[in-house]
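Read in our numbering, the sequence shown has 739 at position 7, and its numbers run on one by one without any break.
Step one of this worksheet: look at the structure below.
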Amino acid sequence: MADNLATTAFKGLVLLFITSVLIFICFFGLLRLERYEANNELQRRGASRYTPDGELNLWYFFVRVSRVE
């Protein structure tokens, strides 16, 4: 009986681990997709602002709005 309980508990822990890893991958995949779509929308509108080294500056509008007096 104890052997069966240990096997069931082990299977449950493995299933829980696999589920948590899949949730982690999906969550960060969605965050990446969301950022990609936001960047594409900014570029499509022509509203992109770039840093001096040519990288896309995603914080331009936040910093710009916070500096308005």
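Note that the Cβ used here is the ideal one computed from N, Cα and C, for glycine as well.
Who does residue i pair with in a DSSP beta bridge?
i, result
"Y782", "L788"
Cβ of residue i within 8 Å of Cβ of residue j?
i, j, result
"R776", "N789", "no"
Using only the alpha-carbon positions, how far apart do residue i and residue j sit?
i, j, result
"T739", "V753", "21 Å"
"F760", "R767", "11 Å"
"D785", "A741", "54 Å"
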